[in-house]
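Since the structure comes first, as structure tokens, the remarks are kept for the end.
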Amino acid sequence: MNDLTEQRIPTEQKPNRAASFAGLLEIEPLNENTFLGYCHEGSPMRAFGGHVAAQALVAAGRTCEGQRAVHSLHSYFLLPCDPTRPITYEVERLREGATYAARRVRAVQDQQEIFNLTASFKRPEPTDERHRGMPSSPTPESLPDALSRWPRELREAVRNSGCFRDIELRFALPDSPDVPPTVPGMPQQFVWMRTATPLPAHDPLLHACALTYLSDLTLASTAGLNEQPNFFQRPEPPRLLLASLDHALWFHRPFRADEWLLFAQRSPTSSDGRGLTLGEFYDLDGRLVASAAQEALIRKLG
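If you use our numbering, the sequence shown corresponds to residues 45 to 346, in order.
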């Protein structure tokens, strides 16, 4: 996957441009274990990895019956994906227990495996709960839209494209007094996110897949913050090549991806051309609803 920060003006090469965010996640069933999808660009001529991961999770969830909800996924990005060509999602049913079910998904393009994902699903059960409190942050209403710093023609190009047009992002400024102080050696980033169009309330899998997509938008850029500002806060071209290597998510509690979620991210280490970022999603009530981890490739350009 190539980070969102490398995407300025999306091209029009996606075969079918969805009218809503839910449309981005639609895949076509070929048989009970095989599905077909298309993904938009994340950088020129390379599909956005979060889109691939989200569609792969849709495919896995389509093979699970009953009241099982996804609680974790682990994935690897293996090869670049061409956004002009279809992707085949092949699902393997690894486990079908009374409580838990597991699925493995291979994303294949032109007979090459470009991405793989393993996801676990479970039936709900009543237990005691606990979670860490949400970190302090400005409210989403007090922050500008992430695209507001762009020239008008670039904003319109995004909004009229089939790419990152149906999401809302609002970044807390790093020096804001409302965010926790930065720990030396650990860049951090606080972003409010949601889909711009409503999602069906009765489909928790769709909300989990939407969060999978959203979670891949800023993790890699957080790992590179010590080298360059986030794309939305810098006027100059990128100095780094950023690409996701692997991606993991844990879903803790029900949530809605079409309502504001705070994505609190921190990168505790970077070395050997790789950076690790950890992230937590909180809803407006301060509940920890999901956690993320990603290792990204980091290379200087030029």
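Every residue gets a Cβ at the ideal spot worked out from N, C-alpha and C, and that includes glycine.
Here the structure is a predicted model, which means the values were calculated and not measured.
Rounded Cβ spacing between residue i and residue j (contact assumed at less than 8 Å)
i	j	result
Thr239	Phe65	4 Å
Leu69	Leu250	7 Å
Cys125	Ala97	Between Ala97 and Cys125 the Cβ distance is about 11 Å, and since that is not below 8 Å, they are no contact.
Leu101	Thr256	5 Å
Buried versus exposed, by CB contacts within 10 Å (16 or more), residue i
i	result
Asn60	Confidence at Asn60 is low in this model, with a pLDDT of 44, below 50, so its placement is unreliable and the value that follows should be read with caution. By the neighbour-count rule (16 or more Cβ atoms within 10 Å), Asn60 is not buried but exposed.
His246	exposed
Gly105	buried
Met237	buried
Asn274	buried
Gly323	buried
Thr171	exposed
Gly319	buried
Gly86	buried
Leu345	exposed
Pro298	exposed
Arg139	exposed
Val227	exposed
Pro282	buried
Leu161	buried
Pro127	buried
Terminal residues of the beta strand (DSSP E) in which residue i lies
i	result
Gly86	Glu85 to Ser87
Val152	Tyr144 to Gln153
Ala336	Leu332 to Lys344
Gly326	It should be pointed out that residue 326 corresponds to Tyr in this sequence rather than to Gly. Element bounds for Tyr326: Arg318 to Asp327.
Ser288	Leu284 to Phe295
Leu213	Ile211 to Phe215
Pro352	Nothing can be reported for residue 352, as the shown portion of the chain is limited to 45 through 346.
Glu136	Ile131 to Glu140
Glu76	Careful: Glu76 lies outside any beta strand (DSSP E) and carries neither H nor E.
Ile158	Gln156 to Lys166
Arg238	Gln232 to Thr239
Extent of the continuous alpha helix (DSSP H) run through residue i
i	result
Phe65	Phe65 to Leu68
Ala308	Counting along the chain, Ala308 falls outside any alpha helix (DSSP H), though it belongs to the beta strand (DSSP E) covering Leu305 to Ser315.
Thr256	Pro248 to Ser259
Thr266	Leu263 to Ala267
Check: residue i C-beta below 6 Å from any heavy atom of the ligand GTP
i	result
Asn75	Of ligands this structure carries none, so the ligand GTP is not represented either.
Practice task
For the region 180-197 and the region 338-345, state whether three or more C-beta atom pairs, one from each stretch, are separated by less than 8 Å.
Solution key: Counting Cβ pairs under 8 Å, fewer than three are found: no touch.
Exercise for the section: May I ask you to verify whether the region 118-126 touches the region 172-181, counting CB pairs closer than 8 Å and requiring at least 3? Expected result: The region 118-126 is not in contact with the region 172-181.
Exercise for the section: Report yes or no: do the region 295-313 and the region 329-339 share at least 3 C-beta pairs separated by less than 8 Å? Expected result: Using a C-beta cut-off of 8 Å, the region 295-313 makes contact with the region 329-339, since at least three inter-stretch Cβ pairs fall below that distance.
Practice task
For the region 161-173 and the region 186-195, state whether three or more C-beta atom pairs, one from each stretch, are separated by less than 8 Å.
Solution key: Short answer: they don't touch.
Exercise for the section: Jot down the residue ranges of each uninterrupted alpha helix (DSSP H) in the region 84-115, minimum 4 residues, whole runs only, in chain order. Expected result: Segments of the alpha helix (DSSP H) lying fully in the region 84-115: 93-106.
Practice task
Assess, as a yes-or-no matter, whether the region 130-138 is touched by the region 74-87 under the definition of 3 or more beta carbon pairs within less than 8 Å.
Solution key: Output reads yes: the region 130-138 touches the region 74-87.
Exercise for the section: Determine, using beta-carbon pairs with one atom in the region 283-290 and one in the region 252-264, whether at least three such pairs fall under 8 Å. Expected result: By the criterion of at least three beta-carbon pairs nearer than 8 Å, the region 283-290 is in contact with the region 252-264.
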